[in-house]
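Enquirer: Residue numbers (our numbering), protein chains in the order written: chain A, 2 to 119; chain B, 297 to 775. Ideal Cβ placement from N, Cα and C applies to all residues, glycine included. No experiment lies behind these values; they were computed from the predicted model shown. Let me begin by handing over the structure; questions about it come next.
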Amino acid sequence: MLTNYFPILVFIAIGIAIGGGALLLSRLIAPHRPDTEKLSPYECGFAPFEDTRLPFDIRYYLVALLFILFDLETAFFVPWAVVLRKIGVYGFSTMIIFLLILVVGFIYEWKKGALEWE
Amino acid sequence: MPVPVSDLMLAAPQWFVLIMTCVTLLVSLWSGKKASPWTYGLSQVTLLGAVVITALMYDQPRTVAFYGNMIFDKISALLTIFVCVITAFVLLYSRDYLKQHKMAYTEYHVLTLFSALGMMVLVSSYSFISLYVGLELFTLPLYALIALRRDAAVFAEASMKYFVMGAMASGMLLYGLSMLYGATGTVDIPSIASAIVGLPQGQHLIIVFGLVFVLAGIAFKLGAVPFHMWVPDVYDGSPNTVTLMIATGPKIAAFGLVVRLLAEALPDVHVAWQHGLILIAVLSIVLGNIVAIVQTNIKRMLAYSSIAHMGYMLLGIIAGTASGYSASMFYTLIYAIMSLAAFGLVSMLSRDGVDIQRIEDLRGLNARNPWLAFMMLLVMFSMAGVPPLAGFMAKIAVLEAVISVGQVWLAVVALLFAIVGAYYYLRVVKVMYFDEPIKKTDIELPSMDMRVAMTINGLSVLILGMFPAVLMGLCRAAF
C-alpha cells in the first residue's frame, strides 16, 4: 500500500529541491549590497505613509463571517438543486430541515443586530 | 432512500432536543429581557422532556436505524438519560452565576443544549460518520461557552487552548478512523468488527497503526495522560459554570466514544489497544494523583483529580469483559455525579464579588454553612474512595474487573495511588472543618431549588454508595 505513495514522496522531494534550490542559489551566487533604500518597503515611489499593520473595524470581521456562512450554504444548495429530481421527496425534506435550522440562526443574528452597520 | 418513520421515532429524544433548543432560542430573542425566565424554563423542559422520552423508550429492543448510522440500545438510553439529567443540574447550578457575572444568558443555555444534543448523538452513533458528527457537535459549543465571559483575557486564552487541543485531537481521531476505513472498507461499527475477523495477518498492521491514533484521540477527549495538558488550564481558565459543564457531561460522552470505538468496533484487536490503554491508565492515575497534591487552586486540583479518575475509569475498559465495561460505565456515571456536586458548589458559592478559585476560599465553610460543608465532605470522601460512598463502590467495581482478567498489578498500582489521592481530598475537608473562616458571616445558596438540588446531588453520592445495586444493575443490563 505504501508503494502507491512513493510518487508523492518523489514529488515532495523535487518540489523542495526546486523551491529551496532557487533561494539557496541566489543566496550563494548573487551579490549582497543592502542599503536603506533597498530594504525599505516600496510604495509607488514615495515614502510609505503609515504602518501596514492597521487595526480595522471588527464589524468587517462579522460581515466576513456571515458572508462565509451563507456562501457555504449556497455551495451546498447548488448541487442539491441540480439533482433534486433524482433524490425526490427524501432529499427535498432533508434540505428543508437544514434550511429551517439555518433560518433559526439567521433570525438570531438579525434580531441581535448583526446585520446592522451602526 | 427514504427513512422509515420508525427510525425517526427512534431518534425522538434527539429531535425533541433539537426542536426545543431552536424554540428556546427564538422565544428568548423575543422575550426582550437579558436573562429571561423563559430561557431557563424552556431549557429545563427540553432536557427533562428528553429524559422522559428516553425513559419511555428504555424497554425497546436493541435497534439499528438510519442505515446503520444510529443505534438504540441500553447503553445509549442510559447514557442519554444521564447526560440530560446532569445538564439539567448544570443549568440549575449556573443560573445565578450567569446573572451575577453578566454572562450571555440565552447563549449559555442554547450552547449548552446543543452540546448536550451532540453528546446524545455521540452515544447513540453506530458508524464513524455519526460518531464524528456527534463529537464535533458536543465540543464546538464548549469552545464558545468558555469564551462567553469576556471581562478577562484568561477566558479567551482557555478557549483558544481548548480549541487548538480539541482540533488536534479530532484530527488524530479522524486520521485513525480513516486508517481503519482503509483497512476494512467500511465505516459501520459492526461491519468493521466483522471485517477485522476475516482480515489476513499482514493487514493488521494498518489496523494497529490506525488504532494508535484513535487511542490518542480518545485520550485527548478524556483528558488522560499523556494528552492531559489542556485539562488543568482549561478547567482553571473557564468560568466556573463552564468548568462545571466541561467536567461532567463530556466525560459521559467520551465514555460512549470509548465503548463504541474500542468495545464494539475493535473487540478483536483487544490485545493491541489493551497495551495502549494500560499505559494511558497507569500514567493518568499516577500523574493525576501526585500532581493534584501540590495544587492550591481548587479547580486545578479537581482537574488533576479528573485525570486520575479517567485513569480508573479506563481500568474497566482494559479488562475488556462485559462486567469490565459495565464497571467503567458505573464509574463514569458516579464520577459525573461527584464532579457535578463539587464544581456545582464552587459555582454557586462564587457570588457577590467572590470567585472561588483557591482551596483556601472554602476555609471554615462548616462554620458558615454546615449543610453545604457536609455535602462537599460527602463528595470529597466519595472521590477519595471512602466506604460506604459511591466512589468506593465504583472503584471496587473497576478493580474487580481488572483482577478478574489477571491484571493484579494494575489493581495494586491503582489502589496505592488511591491512597495518595486521599490526601488532597481530605485537605479540602480539613480546610472546611478545622480552619478558621476569613469572613464569619453565614453563607447560603441563592435560592431554594438550588439548595434542594445540591442536597439531592450530595445525598445521591451517599445513597448510590449504600445501595449501588439499582444503577449497577442498569449498567450490567447495558452490556
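(1) With which residues is Thr350 (chain B) paired in a DSSP beta bridge?
(2) Considering Cα atoms alone, identify which of B:Ala588, B:Thr592 and B:Ile614 is closest to Ile796 (chain B).
(3) When the Cα of Ala577 (chain B) is compared with those of B:Ser339, B:Ala491 and B:Ala520, which residue comes out closest?
(4) So what does Phe47 (chain A) bridge to, in DSSP terms?
(5) Using a Cβ distance threshold of 8 Å, determine whether the stretch 669-681 of chain B contacts the stretch 732-742 of chain B, with at least three qualifying pairs required.
(6) Quick one: what does DSSP say Thr359 (chain B) is sitting in, helix, strand or coil?
(7) Locate the alpha helix (DSSP H) running through Met644 (chain B), then write down its first and last residues.
(8) Please list the partners that Tyr6 (chain A) has in chain B, where partner means a Cβ-to-Cβ separation under 8 Å.
(9) How about Ser821 (chain B) and Thr359 (chain B): are their beta carbons less than 8 Å apart?
(10) Quick one: Cα of Thr482 (chain B) to Cα of Trp569 (chain B), how far?
(11) Taking Cβ-Cβ distances shorter than 7 Å, what residues in chain B pair up with Val105 (chain A)?
(12) Taking 8 Å as the CB-CB limit, is Pro298 (chain B) close to chain A?
(13) So, for Ala454 (chain B): in the same chain, excluding its five sequence neighbours on each side, which residues have a beta-carbon less than 7 Å away from its beta-carbon?
(14) Give the list of continuous beta strand (DSSP E) stretches no shorter than 3 residues that lie fully inside the stretch 363-434 of chain B.
(15) Distance check for Pro563 (chain B) and Phe362 (chain B), CA to CA, integer angstroms please.
(16) Determine which residues share a DSSP beta bridge with Asp303 (chain B) and list them.
(17) So with Cβ pairs under 8 Å, would you call Leu394 (chain B) a contact of chain A?
(18) Could you pull out every residue in the same chain whose Cβ sits closer than 6 Å to the Cβ of Gly506 (chain B), ignoring the five residues on either side in sequence?
(19) Apply the 10 Å Cβ neighbour rule to Tyr43 (chain A) and answer buried if 16 or more other Cβ atoms are within range, or exposed otherwise.
(20) DSSP three-state label for Asn593 (chain B), please.
(21) Is there at least one Cβ from chain B nearer than 8 Å to Tyr91 (chain A)'s Cβ?
(22) Which residues does DSSP pair with Asp731 (chain B) in a beta bridge?
(23) Exposed or buried, which one is Ala412 (chain B) when buried takes at least 16 other CB atoms within 10 Å?
(24) Which residue's Cα is closest to the Cα of Ser619 (chain B): B:Tyr631, B:Met305, B:Asp303 and B:Ala690?
(25) Return the bridge partner residues of Arg654 (chain B) from the DSSP annotation.
(26) Along the stretch 365-392 of chain B, where does the CB come closer than 9 Å to a CB of chain A? Name the residues.
(27) Just reading off the alpha helix (DSSP H) that Val527 (chain B) is part of, what are its end residues?
(28) Can you give the Cα-Cα distance for Phe677 (chain B) and Ala707 (chain B), rounded to whole angstroms?
(29) Please state the DSSP three-state secondary structure of Asp484 (chain B).
(30) In whole angstroms, give me the CA-to-CA distance for Thr335 (chain B) and Gly328 (chain B).
(31) Kindly indicate which residue of B:Arg596, B:Leu306, B:Ile315 and B:Ser643 has the alpha-carbon position closest to the one of Val355 (chain B).
(32) Going by other Cβ atoms of all chains shown within 10 Å of its Cβ, with 16 needed for buried, is Ala774 (chain B) buried or exposed?
(33) Taking just the CA atoms, how far does Leu641 (chain B) sit from Met746 (chain B)?
(34) Does the beta carbon of Tyr109 (chain A) come closer than 8 Å to any beta carbon on chain B?
(35) Within the same chain, show all residues whose beta-carbon is closer than 8 Å to that of Leu321 (chain B), passing over the 5 residues directly before and after it, in chain order.
(36) Using DSSP with H/G/I as helix, E/B as strand and the rest coil, what is Glu740 (chain B)?
Expert: If we stick to the structure as given:
(1) Thr350 (chain B) pairs with nothing; no bridge assigned.
(2) This structure leaves residue 796 (chain B) out entirely; chain B is present only between 297 and 775.
(3) Nearest of B:Ser339, B:Ala491 and B:Ala520 to Ala577 (chain B), Cα basis: B:Ala520.
(4) The bridge partners DSSP lists for Phe47 (chain A) are A:Glu44.
(5) Result no; under three Cβ-Cβ pairs closer than 8 Å.
(6) The DSSP-derived three-state label of Thr359 (chain B) is strand.
(7) For Met644 (chain B), the enclosing alpha helix (DSSP H) starts and ends at Ala618 to Leu645.
(8) Those within 8 Å of Tyr6 (chain A) in chain B number zero; the least Cβ separation is about 12 Å.
(9) Nothing can be reported for residue 821 (chain B): it is not among the residues displayed for chain B, which extend from 297 to 775.
(10) Cα to Cα, the separation comes out at about 20 Å.
(11) Correct list: Cys318, Leu321 and Leu322.
(12) Yes, because at least one Cβ of chain A sits closer than 8 Å to the Cβ of Pro298 (chain B).
(13) Around Ala454 (chain B): Ile442, Asp529, Val530, Gly533 and Ser534.
(14) Taken in chain order, the unbroken stretches of beta strand (DSSP E) that lie wholly in the stretch 363-434 of chain B and span 3 residues or more are 366-368.
(15) Distance between the alpha carbons of Phe362 (chain B) and Pro563 (chain B) is about 23 Å.
(16) None; Asp303 (chain B) has no bridge partner.
(17) False, the Cβ-Cβ gap to chain A never drops below 8 Å.
(18) Answer for Gly506 (chain B): Gly472, Met475 and Leu476, listed in chain order.
(19) Its Cβ having fewer than 16 others within 10 Å, Tyr43 (chain A) is exposed.
(20) DSSP, read as helix, strand or coil, puts Asn593 (chain B) in strand.
(21) At least one chain B Cβ lies under 8 Å of Tyr91 (chain A).
(22) DSSP output for Asp731 (chain B) lists no bridge partner at all.
(23) Its Cβ being crowded by 16 or more others within 10 Å, Ala412 (chain B) is buried.
(24) Closest option to Ser619 (chain B), Cα to Cα, is B:Ala690.
(25) Secondary-structure assignment with DSSP links Arg654 (chain B) through a beta bridge to B:Asn593.
(26) Residues: none.
(27) Where Val527 (chain B) is concerned, the enclosing alpha helix (DSSP H) stretches over Trp526 to Gly533.
(28) Taken atom to atom, the span from the alpha-carbon of Phe677 (chain B) to that of Ala707 (chain B) is near 20 Å.
(29) Correct three-state label for Asp484 (chain B): strand.
(30) One C-alpha to the other measures close to 11 Å.
(31) A small correction: the amino acid at residue 355 (chain B) is Asp; Val does not occupy that position in the sequence shown. Among B:Arg596, B:Leu306, B:Ile315 and B:Ser643, the Cα nearest to that of Asp355 (chain B) is on B:Leu306.
(32) Here Ala774 (chain B) is buried. Its C-beta has 16 or more other C-beta atoms within 10 Å.
(33) Each residue's alpha carbon lies about 10 Å from the other.
(34) Chain B, which has a Cβ nearer than 8 Å to the Cβ of Tyr109 (chain A), makes this yes.
(35) Thr402 and Val406, listed in sequence order.
(36) Residue state for Glu740 (chain B) is assigned as coil, using DSSP reduced to three classes.
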